Amino acid sequence: MTTQDRERHWLPALWLGLISSTYSTLLITLGAGRIGRDAAVDWMQVAMAYFGRDILSASPTWGAILAGIFVHQSADIFWALVFFGFMWRWTHQLSPWHILIVGIPWAVLTAAIEYYLTLPWLQPWLMMQVPYWTALSVHLST
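For what it's worth, my numbering labels the leading residue of the sequence shown as 142, then goes sequentially.
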(Lines of atoms letter the chains of each structure in order from A and count residues from 1; the text may use other names and numbers.)
(Lines give C-alpha, C1' and ligand atoms only; values in the text may rest on other atoms or scores of the structure.)
Protein backbone atom coordinates (compact mmCIF):
# COMPACT_ATOMS: atom_id res chain seq x y z
CA MET A 1 0.00 0.00 0.00
CA THR A 2 1.44 3.35 -1.02
CA THR A 3 1.42 6.52 1.04
CA GLN A 4 -1.11 7.99 -1.36
CA ASP A 5 -3.43 5.01 -0.79
CA ARG A 6 -3.12 5.44 2.97
CA GLU A 7 -3.77 9.18 2.83
CA ARG A 8 -6.64 9.35 0.37
CA HIS A 9 -9.17 7.81 2.77
CA TRP A 10 -8.90 10.69 5.26
CA LEU A 11 -10.55 13.29 3.01
CA PRO A 12 -13.70 11.21 2.36
CA ALA A 13 -13.82 10.42 6.09
CA LEU A 14 -13.70 14.14 6.81
CA TRP A 15 -16.47 14.86 4.29
CA LEU A 16 -18.63 12.05 5.70
CA GLY A 17 -18.08 13.46 9.18
CA LEU A 18 -19.06 16.95 8.05
CA ILE A 19 -22.19 15.71 6.29
CA SER A 20 -23.33 13.48 9.16
CA SER A 21 -22.52 16.09 11.81
CA THR A 22 -24.47 18.74 9.91
CA TYR A 23 -27.42 16.35 9.68
CA SER A 24 -27.29 15.57 13.40
CA THR A 25 -26.93 19.29 14.25
CA LEU A 26 -30.09 20.02 12.28
CA LEU A 27 -31.84 17.06 13.86
CA ILE A 28 -30.96 18.23 17.37
CA THR A 29 -31.86 21.85 16.66
CA LEU A 30 -35.21 21.03 15.10
CA GLY A 31 -36.05 18.26 17.58
CA ALA A 32 -35.16 20.05 20.81
CA GLY A 33 -38.54 21.70 21.17
CA ARG A 34 -40.32 18.36 20.78
CA ILE A 35 -38.76 17.10 24.01
CA GLY A 36 -39.15 20.39 25.88
CA ARG A 37 -35.65 21.75 25.31
CA ASP A 38 -34.43 25.15 24.15
CA ALA A 39 -31.90 24.48 21.39
CA ALA A 40 -30.12 27.81 21.83
CA VAL A 41 -29.56 27.20 25.56
CA ASP A 42 -28.45 23.62 24.86
CA TRP A 43 -25.88 24.79 22.28
CA MET A 44 -24.58 27.39 24.73
CA GLN A 45 -24.17 24.69 27.38
CA VAL A 46 -22.41 22.37 24.94
CA ALA A 47 -19.98 25.19 24.14
CA MET A 48 -18.70 24.99 27.71
CA ALA A 49 -16.91 21.73 26.82
CA TYR A 50 -14.24 23.70 24.91
CA PHE A 51 -14.75 27.28 26.04
CA GLY A 52 -15.47 26.96 29.76
CA ARG A 53 -18.00 28.73 31.95
CA ASP A 54 -17.25 32.16 30.53
CA ILE A 55 -19.40 31.34 27.50
CA LEU A 56 -22.56 31.24 29.65
CA SER A 57 -24.91 34.20 29.74
CA ALA A 58 -28.50 34.89 30.79
CA SER A 59 -29.61 34.52 27.19
CA PRO A 60 -27.56 32.67 24.58
CA THR A 61 -25.56 34.83 22.20
CA TRP A 62 -24.98 33.89 18.59
CA GLY A 63 -21.33 33.37 19.44
CA ALA A 64 -22.20 30.88 22.19
CA ILE A 65 -24.66 29.05 19.94
CA LEU A 66 -22.12 28.79 17.12
CA ALA A 67 -19.46 27.68 19.61
CA GLY A 68 -21.76 24.89 20.82
CA ILE A 69 -22.46 23.80 17.27
CA PHE A 70 -18.70 23.79 16.64
CA VAL A 71 -18.14 21.54 19.67
CA HIS A 72 -20.85 19.14 18.50
CA GLN A 73 -19.67 19.13 14.89
CA SER A 74 -16.07 18.48 15.92
CA ALA A 75 -17.13 15.50 18.07
CA ASP A 76 -19.14 13.99 15.21
CA ILE A 77 -16.33 14.59 12.73
CA PHE A 78 -13.94 12.92 15.19
CA TRP A 79 -16.11 9.76 15.26
CA ALA A 80 -16.28 9.67 11.44
CA LEU A 81 -12.50 10.06 11.22
CA VAL A 82 -12.05 7.20 13.68
CA PHE A 83 -14.51 4.94 11.83
CA PHE A 84 -13.64 5.72 8.21
CA GLY A 85 -10.10 7.05 8.63
CA PHE A 86 -8.36 5.25 11.46
CA MET A 87 -10.31 2.01 10.96
CA TRP A 88 -10.09 2.31 7.16
CA ARG A 89 -8.42 -1.06 6.81
CA TRP A 90 -11.64 -2.72 8.07
CA THR A 91 -14.29 -0.27 6.84
CA HIS A 92 -13.24 0.58 3.28
CA GLN A 93 -14.66 -2.64 1.84
CA LEU A 94 -18.04 -2.36 3.56
CA SER A 95 -21.11 -1.98 1.38
CA PRO A 96 -23.77 0.57 2.36
CA TRP A 97 -25.86 -2.25 3.89
CA HIS A 98 -22.90 -3.47 5.92
CA ILE A 99 -22.19 0.08 7.10
CA LEU A 100 -25.83 0.34 8.20
CA ILE A 101 -25.56 -2.92 10.14
CA VAL A 102 -22.18 -2.04 11.70
CA GLY A 103 -23.40 1.52 12.28
CA ILE A 104 -25.99 0.42 14.82
CA PRO A 105 -23.53 -0.94 17.42
CA TRP A 106 -21.15 1.91 16.50
CA ALA A 107 -23.90 4.43 17.35
CA VAL A 108 -24.62 2.68 20.64
CA LEU A 109 -20.90 2.64 21.49
CA THR A 110 -20.18 6.27 20.57
CA ALA A 111 -23.33 7.57 22.28
CA ALA A 112 -22.42 5.60 25.42
CA ILE A 113 -18.84 6.92 25.39
CA GLU A 114 -20.06 10.49 25.07
CA TYR A 115 -22.87 10.11 27.61
CA TYR A 116 -21.22 7.94 30.26
CA LEU A 117 -17.54 8.91 29.93
CA THR A 118 -17.26 12.38 28.43
CA LEU A 119 -20.28 14.10 29.94
CA PRO A 120 -19.61 12.98 33.54
CA TRP A 121 -16.14 14.48 33.14
CA LEU A 122 -17.84 17.75 32.17
CA GLN A 123 -20.36 17.57 35.04
CA PRO A 124 -18.72 20.30 37.13
CA TRP A 125 -19.64 22.70 34.30
CA LEU A 126 -22.41 21.02 32.35
CA MET A 127 -25.23 19.42 34.29
CA MET A 128 -26.87 16.51 32.48
CA GLN A 129 -30.41 17.47 31.60
CA VAL A 130 -31.21 15.00 28.85
CA PRO A 131 -31.55 11.21 29.01
CA TYR A 132 -29.26 8.77 27.21
CA TRP A 133 -31.95 7.87 24.68
CA THR A 134 -31.71 11.34 23.11
CA ALA A 135 -27.99 10.94 22.43
CA LEU A 136 -28.54 7.39 21.21
CA SER A 137 -31.37 8.41 18.88
CA VAL A 138 -29.25 11.14 17.31
CA HIS A 139 -26.31 8.76 16.81
CA LEU A 140 -28.57 6.07 15.36
CA SER A 141 -30.27 8.43 12.94
CA THR A 142 -26.97 9.84 11.75
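Using N, Cα and C, we set each Cβ at its ideal position, and we do this for glycine too.
Small disclaimer: the values here were computed from a predicted structure and weren't measured.
Select from Ala199, Asp179 and Ala208 the residue whose C-alpha is nearest the C-alpha of alanine 190. Closest in alpha carbon position to alanine 190, among Ala199, Asp179 and Ala208, is Ala208.
Once DSSP output is grouped into helix, strand and coil, what is the label at glycine 177? In the three-state reduction of the DSSP assignment, glycine 177 falls in the coil class, being assigned neither a helical nor a strand state.
Decide if isoleucine 169 is buried, meaning its Cβ has at least 16 other Cβ atoms within 10 Å, or exposed. So isoleucine 169 ends up on the buried side.
Could you work out which residue in Ser198, Gly226 and Thr166 is closest to proline 150 when comparing CA atoms only? Note that residue 150 is histidine in the sequence shown here, rather than proline. Of the listed residues, the one whose Cα sits closest to histidine 150 is Gly226.
Enumerate in chain order the residues of its own chain whose CB-to-CB distance from glycine 174 is below 8 angstroms, with the five nearest sequence positions on each side excluded. Residues of the same chain with a CB within less than 8 angstroms of the CB of glycine 174, apart from the 5 flanking positions on each side, are Ala180 in chain order.
In terms of residues, what are the limits of the alpha helix (DSSP H) holding serine 236? Bounds of any alpha helix (DSSP H) do not take in serine 236, whose DSSP letter is neither H nor E.
Does the structure place the segment 236–252 close enough to the segment 187–206 that three or more beta carbon pairs sit under 8 angstroms? No, the segment 187–206 does not touch the segment 236–252.
Are the beta-carbon atoms belonging to alanine 188 and alanine 205 less than 8 angstroms from one another? Yes.
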